[in-house]
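Student: Can you read through this structure? Questions will come right after.
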Amino acid sequence: MDTFYIWTIGCQMNKADSERLGSALEQLGLRPVENAKAADVIVLNSCVVRQGAEDKVVGNLWMVNPLKKQQPDRVLALMGCMVSRPVDDVAHEVELLVNRGVREVTVLGQTVDAYGYDLPEKPDLSLLLTRLNDIDGLDRIRFLTSHPSYMDDRIIQAVADLPKVCEHINLPVQAGNDEVLQRMRRPYTRDHYRELVGRIRDTIPGVSMSTDIIVGFPGETEEQFEQTMDLVSELRFDKVHCAAYSTRPGTTAHRTMEDDVPKEVKDCRMKELDSLQESILRDTNSVLVGQTLEVLVEGRKRGKWQGRTRTDKLVFIADDEDAGDRVQPGQSVNPGDLVNVEISQASPWALQGQAGDKS
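Below you can see the structure in the form of structure tokens.
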């Protein structure tokens, strides 16, 4: 067998797992190809959270089955989420990435703050972050996605104390009503979540926070949805990832609850939530105009360089090529640069500014 093709559906975790698998296959002597028809090994890597992702994989199985018949020794494989990896294993991979020029890494997990529970030594996320913080040449560390039940004071303090760990925490709440949370089998209450967010903000100066919310969960009333809106209005997140509930075979919700919130109601609630979040971000981002923020340049889009701040704000950067005399001489930027950017404009979804000194 000489070639492989990995087809990925899902979030950053799936993409990261596919990259790791691809590297391992290349080390075994296989080479990647651009389409499944040319591959001796075909891997379908799917999200195990969203039903839509699994539906796509099932659909693609019908597409790749004929390829198996054409070439009986062709290998077809399915993969999903991975277990915790030992601290030294993760650190070794990060060291290899840094040697290749990587300046920022993201520690990914479906409940990343539960890291280590399934390992014999029972290391926790704070220990892993501390180990990665000691790696020379690494500038930034992020982690996601966290679960409120596992976010403890050790992790919070690690974010506050470790200089390379970015001041950004993704903490999905999913709903702002206790009855809905109970039906979701989320083992916390609205007040517990509010207290946790307050503790994080008290401990980590300038921390940004994002969350995930599901609208239209079975049985969600308009009053219950309004309590979610009230929670978002109170806590003023820096980002809200909103999704409409979709039934997923095999889950408790699918077996015991009717998907009784009409699609048009779900769509309306998503629009209401997006509108509220837009107004919040319009206010919070406007405060950043005139400030100088450190930005890691990621690439170029719509004629401008773009990157992210430590708090995960998207920033578009004017450089020598498109800013003329507004940029200091010699301050052109490239992917991977850490650049100090003076923010000149702010919208709800992005910032814009001019490049200054490099970090």
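Under my numbering, the first residue of the sequence shown is numbered 1, with each subsequent residue one higher. Beta carbons are placed, not taken as given, at the ideal position from N, Cα and C, and that holds for glycine.
Can you have a look at glycine 137 and say buried or exposed, based on whether 16 or more other CB atoms are within 10 angstroms of its CB?
Tutor: On the sequence shown, position 137 is the one that residue 137 refers to. Exposed, since its Cβ has fewer than 16 Cβ neighbours within 10 Å.
Student: Leaving out five residues on either side along the sequence, give the residues of the same chain with a beta carbon under 8 Å from the beta carbon of glutamate 221.
Tutor: Your numbering for residue 221 matches position 221 in the sequence shown. In the sequence as presented, glutamate is not what sits at residue 221; that position holds threonine. Correct list: empty, nothing qualifies.
Student: Is there a Cβ from chain D that is less than 8 Å from the Cβ of valine 105?
Tutor: Going by chain labels, chain D is absent from the structure shown, which holds only one protein chain.
Student: Could you spell out where the alpha helix (DSSP H) holding glutamate 223 opens and where it closes?
Tutor: Taking the first residue of the sequence shown as 1, we reach residue 223 at position 223. First-last of the alpha helix (DSSP H) with glutamate 223: 222 to 235.
Student: What does the Cβ neighbour count give for arginine 360, buried or exposed, with the cut at 16 atoms within 10 Å?
Tutor: Since the first and last residues shown for the chain are 1 and 359, residue 360 lies out of range.
Student: CA-CA distance, threonine 106 and valine 75?
Tutor: On the sequence shown, residue 106 is found 106 positions in, with the first residue counted as 1. On the sequence shown, residue 75 is found 75 positions in, with the first residue counted as 1. One C-alpha to the other measures close to 31 Å.
Student: Would you kindly report the start and end of the unbroken beta strand (DSSP E) that includes cysteine 242?
Tutor: Here residue 242 corresponds to residue number 242 of the sequence shown, with the count starting at 1. Segment 239 to 244, the beta strand (DSSP E) holding cysteine 242.
Student: Tell me the residue span of the beta strand (DSSP E) that contains methionine 151.
Tutor: Translated into the one-based positions of the sequence shown, residue 151 becomes position 151. No beta strand (DSSP E) contains methionine 151, which DSSP labels as neither H nor E.
Student: Locate the alpha helix (DSSP H) running through leucine 30, then write down its first and last residues.
Tutor: Locating residue 30 in the sequence shown gives position 30, where the first residue counts as 1. Unbroken run through leucine 30: none, as it is neither H nor E.
Student: By a C-beta neighbour count over all protein chains shown, 10 Å radius and 16 as the cutoff for buried, is histidine 92 buried or exposed?
Tutor: The residue labelled residue 92 in the question sits at position 92 within the sequence shown. Histidine 92 is exposed by the Cβ-count criterion.
Student: Candidates Arg236, Phe316 and Gly307: which alpha carbon is nearest threonine 284's?
Tutor: Translated into positions along the sequence shown, residue 284 becomes position 284. It is Arg236 whose Cα lies nearest to the Cα of threonine 284.
Student: Where in the segment 66 to 132 do unbroken runs of the beta strand (DSSP E), each at least 3 residues long, occur, reported from the N-terminal end onward?
Tutor: Taking only runs of at least 3 residues, the beta strand (DSSP E) segments lying wholly in the segment 66 to 132 are 75 to 79 and 104 to 108.
Student: By alpha-carbon positions, which one of Arg190, Gln71, Asp113 and Ile135 ends up nearest to asparagine 99?
Tutor: Sequence index remark: in the sequence shown, residue 99 carries index 99 (1-based). Answer by Cα proximity: Ile135.
Student: I need the DSSP call for methionine 209, collapsed to helix, strand or coil.
Tutor: Counting from 1 along the sequence shown, the entry for residue 209 is found at position 209. It is a strand residue.
Student: If I follow the unbroken alpha helix (DSSP H) through isoleucine 280, where does it start and stop?
Tutor: Taking the first residue of the sequence shown as position 1, residue 280 is located at position 280. Taken as a continuous stretch (DSSP letters only), the alpha helix (DSSP H) holding isoleucine 280 covers 263 to 286.
Student: Across the segment 283 to 297 and the segment 339 to 354, are there enough close Cβ pairs to call them in contact, namely three or more that are closer than 8 Å?
Tutor: These segments touch.
Student: Using 8 Å for Cβ pairs, my map puts valine 173 next to threonine 130. What's the rounded Cβ distance?
Tutor: In the sequence shown, counting from the first residue as 1, residue 173 sits at position 173. In the sequence shown, counting from the first residue as 1, residue 130 sits at position 130. No, valine 173 and threonine 130 are not in contact; Cβ-Cβ is about 27 Å, not under 8 Å.
Student: Alpha carbon to alpha carbon, how far is glycine 336 from leucine 196?
Tutor: One-based indexing of the sequence shown puts residue 336 at position 336. One-based indexing of the sequence shown puts residue 196 at position 196. One C-alpha to the other measures close to 34 Å.
Student: Using a Cβ-Cβ cut-off of 6 Å (strictly less than) and excluding sequence neighbours within five positions of tryptophan 305, which residues of its own chain qualify?
Tutor: As a working note, residue 305 is residue 305 in the sequence shown. Same-chain partners within the cutoff: Val297, Ile317, Asp319 and Val333.
Student: From the DSSP output, read off the bridge partner residues of threonine 309.
Tutor: Taking the sequence shown and counting its residues from 1, the one referred to as residue 309 is at position 309. DSSP lists Val295 as partners of threonine 309.
Student: Which residues in the same chain have their Cβ closer than 6 Å to the Cβ of serine 359, if we skip the five residues on either side of it in sequence?
Tutor: Numbered from 1 along the sequence shown, position 359 holds the residue referred to as residue 359. Taken in chain order, the residues that qualify are Glu294 and Leu338.
Student: First and last residue of the beta strand (DSSP E) that includes glutamate 383?
Tutor: Outside the modelled stretch of the chain, which goes from 1 to 359, sits residue 383, for which no answer is possible.
Student: Looking only at C-alpha atoms, which of Ile200, Arg190, Asp267 and Asp113 sits nearest to glutamate 126?
Tutor: Indexing the sequence shown from 1 puts residue 126 at position 126. The amino acid at residue 126 is misidentified as glutamate; the sequence shows serine. Ranking the options by Cα distance to serine 126, first place goes to Asp113.
Student: For lysine 360, count neighbouring Cβ atoms within 10 angstroms of its own Cβ and tell me buried if that reaches 16, exposed if not.
Tutor: Residue 360 lies beyond the stretch modelled for the chain, which goes from 1 to 359, so this question has no answer here.
Student: How is the alpha helix (DSSP H) around threonine 253 delimited, first residue to last?
Tutor: To locate residue 253, count along the sequence shown from 1; it is residue 253. According to the sequence displayed, residue 253 carries alanine and not threonine. Run containing alanine 253: 252 to 256, per the alpha helix (DSSP H) assignment.
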